[in-house]
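Some notes on the structure that comes next.
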Amino acid sequence: QKEVEQDPGPLSVPEGAIVSLNCTYSNSAFQYFMWYRQYSRKGPELLMYTYSSGNKEDGRFTAQVDKSSKYISLFIRDSQPSDSATYLCAPKGYGNTPLVFGKGTRLSVIA
Amino acid sequence: GAVVSQHPSWVICKSGTSVKIECRSLDFQATTMFWYRQFPKQSLMLMATSNEGSKATYEQGVEKDKFLINHASLTLSTLTVTSAHPEDSSFYICSAGTGRNTGELFFGEGSRLTVL
């Protein structure tokens, strides 16, 4: 089993839809759960992160972590065409430890 | 968020030559930087962890003599691909953390290497 599993998609939704992106992980040492957005031929951009279990909301984006089931989610409300990108979940442990990336889910929001 | 700058963003070189990629943290000091490689339609794979003032730690399967990493200062790490071959063509991305306990890591824009 890979450390982080993420469905690569592609996922295509109409503008205004609610998008749900998910990952599962196996390493119980992970404490920080990041979501990155990556446009084609660009480096990943940090969207948001949560520490340990719980929810975090930032505008149209909500991140959820359930450590008991090792399940990570990102919800996008009122999706826009500009949200079309690849979304990568990336958990990590404490301190200067590296991120472990999922494969990324390619999202297309159709106007 | 914190800014990480990578240079060059694009490089094309002949097989057998060496290429150096720079990664700078512009507004913070980074004791640790991470180098990733990303092949088309693949996720980012960690190549090595670069620590200021000491030798880099390489992931299994990454040749340390081929991918030379130098982290001479708290704001600069370099990756040199030596004797590059076409199979080294990839997107190389560095990341750095601020060292705060938040765990945030910020990425450079990436460097696309094409070896002819």
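In order, the protein sequences belong to chains A and B. Here the first sequence is numbered in our numbering, starting from 1 and rising by one per residue. Here the second sequence is numbered in our numbering, starting from 112 and rising by one per residue. From the three backbone atoms N, C-alpha and C, an ideal C-beta is built for every residue, glycine too. The model shown is predicted, which means the values in this text are computed figures rather than measured ones.
7 Å Cβ cut-off: residues of chain B touching residue i
i, result
"L11 of chain A", "Within chain B, no residue comes near L11 of chain A; the closest Cβ sits about 15 Å away, beyond 7 Å."
"F101 of chain A", "S154 and L155"
"L88 of chain A", "S154"
Contact belief for residue i with residue j at Cβ below 8 Å, rounded distance in angstroms
i, j, result
"M144 of chain B", "S206 of chain B", "7 Å"
"R135 of chain B", "S120 of chain B", "Their Cβ separation, rounded to whole angstroms, is 13 Å, which puts R135 of chain B and S120 of chain B out of contact at 8 Å."
"L190 of chain B", "I132 of chain B", "5 Å"
"V100 of chain A", "S84 of chain A", "That pair is no contact at about 25 Å."
"D199 of chain B", "L216 of chain B", "The Cβ separation is near 24 Å, so there is no contact."
"V13 of chain A", "V4 of chain A", "Wrong, their Cβ atoms sit about 23 Å apart, outside the cutoff."
"E15 of chain A", "S82 of chain A", "Not confirmed; about 10 Å, so no contact."
"T105 of chain A", "D7 of chain A", "6 Å"
"L185 of chain B", "E163 of chain B", "5 Å"
"S222 of chain B", "Q149 of chain B", "No, S222 of chain B and Q149 of chain B are not in contact; Cβ-Cβ is about 11 Å, not under 8 Å."
Alpha-carbon spacing of residue i relative to residue j, whole angstroms
i, j, result
"S26 of chain A", "Y71 of chain A", "9 Å"
"Q64 of chain A", "K103 of chain A", "19 Å"
"F30 of chain A", "V192 of chain B", "31 Å"
"L11 of chain A", "R60 of chain A", "18 Å"
"G219 of chain B", "P197 of chain B", "23 Å"
"G127 of chain B", "K67 of chain A", "47 Å"
"Q38 of chain A", "S73 of chain A", "17 Å"
"W35 of chain A", "L21 of chain A", "10 Å"
"V130 of chain B", "K152 of chain B", "23 Å"
"T160 of chain B", "T50 of chain A", "23 Å"
"N55 of chain A", "K92 of chain A", "17 Å"
"F33 of chain A", "A17 of chain A", "24 Å"
"V114 of chain B", "D138 of chain B", "6 Å"
"H118 of chain B", "H182 of chain B", "15 Å"
"K166 of chain B", "A111 of chain A", "50 Å"
"S141 of chain B", "S69 of chain A", "Checking the displayed sequence, the identity of residue 141 of chain B turns out to be Ala instead of Ser. In a straight line, the C-alpha of A141 of chain B is about 33 Å away from that of S69 of chain A."
Opposing strand residues paired with residue i [DSSP bridges]
i, result
"Y36 of chain A", "A:L46 and A:L88"
"G54 of chain A", "A:V65"
"F217 of chain B", "B:A207"
"N162 of chain B", "B:T143"
"S188 of chain B", "B:C134"
"Q149 of chain B", "B:F202"
"F75 of chain A", "A:S20 and A:T62"
"T225 of chain B", "B:I123"
"E3 of chain A", "DSSP output for E3 of chain A lists no bridge partner at all."
"S108 of chain A", "A:S12"
Where residue i meets chain A, residues with beta-carbon distance less than 9 Å
i, result
"S188 of chain B", "Those within 9 Å of S188 of chain B in chain A number zero; the least Cβ separation is about 13 Å."
"I204 of chain B", "G43 and P44"
"R223 of chain B", "R41"
Where residue i meets chain B, residues with beta-carbon distance less than 8 Å
i, result
"L46 of chain A", "G112, E215, L216, F217 and F218"
"G104 of chain A", "S154"
Proximity test, residue i beta-carbon vs the ligand SAM heavy atom, cut-off 8 Å
i, result
"L179 of chain B", "Of ligands this structure carries none, so the ligand SAM is not represented either."
Within chain A, the residues that residue i reaches when beta carbons sit closer than 7 Å
i, result
"F230 of chain B", "As displayed, chain B neither begins before 112 nor continues past 227, which places residue 230 of chain B out of reach and without an answer."
Segment contact, 8 Å Cβ cut-off, at least three pairs: the segment 84-104 of chain A with the segment 33-50 of chain A: yes
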